[in-house]
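2 protein chains.
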Amino acid sequence: MKEELSDEALELIADRFRLLGDPTRLRILHTLGRDEMSVSELVAATGAGQANISKHLGVLLKAGIVSRRKEGLTANYRVADESIFELCDTVCTRLKDQFEQRRGMLTGIV
Amino acid sequence: MKEELSDEALELIADRFRLLGDPTRLRILHTLGRDEMSVSELVAATGAGQANISKHLGVLLKAGIVSRRKEGLTANYRVADESIFELCDTVCTRLKDQFEQRRGMLTGIV
DNA sequence: ACACTATATTACTATATAATTATATAGTTG
DNA sequence: CAACTATATAATTATATAGTAATATAGTGT
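In order, the protein sequences belong to chains C and E.
Its first residue numbered 1494, the first sequence is counted upward by one per residue in this note's numbering.
Its first residue numbered 1494, the second sequence is counted upward by one per residue in this note's numbering.
And the structure:
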């Protein structure tokens, strides 16, 4: 039996994928890794603008992918949803396989 | 040691996530499931326009997520990259957990 | 050859959103 | 309180892309 997925459910899932479909957000998440970092640390580490980083962090926070801990003036973020690492690993592995396979299609020609 | 991910690598991974970040494409993939279907079958099953389905299938094909088998006039597609099911399951499970957790935050108030 | 059908492509419109600049907010220090 | 700092927000611009209508392409049957 195939479950019926409603349009709303598909929207929710698509939203989550779209969230991960931005290089700057992936850069933020990869830079954070398992550590906690402040906005300015992320700005320094990624080279992106402060407003841009703040906005992306806001998006990730609202989606529950990161958590925020305020401490005085600084805001410290950390990855709250570790499943994103699994997702990225799956995608990365699959992409490597795919390139390997496509490379294989061309060997023996030259 | 944390691997350094280049901007190009992040782009590739983000591209893949962005590909999955569209409800219509998710609908197509979910409708396909493990079966092979023609474009017109997909059009009928999803309710989307023919041109739209064709375009999305083209995108998915170029990305290697589906494969195409032409048979006379009809084009039959099937999911070629089963890892997408794993990705969707992971996201879906995580979203459910998240909603359950957020629901828990509100219980006992009313 | 002609009509018909299935799919792909093109051109267009509308919408979403990433990046940036400027500004607001709020905590800190003198 | 004034100056300073860190972060967030608003407004703007530019770009990407989803959906659609029209058309092209190509296989099928008469």
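Note that the Cβ used here is the ideal one computed from N, Cα and C, for glycine as well.
All figures in this text were calculated on a predicted structure; none of them were measured in a lab.
Proximity test, Cβ basis, 7 Å: residue i and chain C
i: HIS1523 (chain E); result: yes
i: ILE1506 (chain E); result: yes
i: GLY1557 (chain E); result: yes
i: SER1531 (chain E); result: no
i: GLN1543 (chain E); result: no
i: ARG1571 (chain E); result: no
i: ARG1587 (chain E); result: yes
Residues near residue i by beta carbon distance below 6 Å, same chain, minus five either side
i: LEU1553 (chain C); result: VAL1559
i: THR1586 (chain E); result: none
Where the alpha helix (DSSP H) containing residue i begins and where it ends
i: ASP1515 (chain C); result: Unbroken run through ASP1515 (chain C): none, as it is neither H nor E.
i: ASP1582 (chain E); result: 1576-1599
Any C-beta of chain E under 7 Å from that of residue i
i: THR1583 (chain C); result: yes
i: GLY1597 (chain C); result: no
i: GLY1514 (chain C); result: yes
i: ARG1616 (chain C); result: Given that chain C is displayed from residue 1494 to residue 1603, the structure contains no residue 1616 (chain C) and the question cannot be resolved.
i: LEU1498 (chain C); result: yes
i: ARG1520 (chain C); result: yes
i: LEU1503 (chain C); result: yes
i: LEU1550 (chain C); result: no
i: SER1576 (chain C); result: yes
i: PHE1592 (chain C); result: no
Close Cβ partners of residue i (< 8 Å) along its chain, the five nearest in sequence each way excluded
i: SER1531 (chain C); result: THR1567, ALA1568, ASN1569, TYR1570
i: ARG1520 (chain C); result: THR1539, ALA1541
i: GLY1526 (chain C); result: VAL1572
Cβ neighbour criterion (16 or more within 10 Å) applied to residue i
i: ARG1596 (chain E); result: exposed
i: GLY1540 (chain C); result: exposed
i: GLY1514 (chain E); result: buried
i: ASP1574 (chain E); result: buried
i: VAL1603 (chain E); result: exposed
i: PHE1592 (chain E); result: exposed
i: SER1562 (chain C); result: Here residue 1562 (chain C) turns out to be Arg, not Ser, going by the sequence shown. With fewer than 16 Cβ atoms within 10 Å of its Cβ, ARG1562 (chain C) is classed as exposed.
i: ALA1544 (chain C); result: exposed
i: LEU1550 (chain C); result: buried
i: LEU1512 (chain E); result: buried
i: LEU1580 (chain E); result: buried
i: LEU1599 (chain C); result: exposed
Proximal residues to residue i (C-beta, below 7 Å), its chain only, five neighbours per side dropped
i: ILE1506 (chain C); result: none
* To do: Within the segment 1540-1567 of chain E, note down every full alpha helix (DSSP H) run reaching 4 residues or more, in order along the chain.
  => 1543-1555
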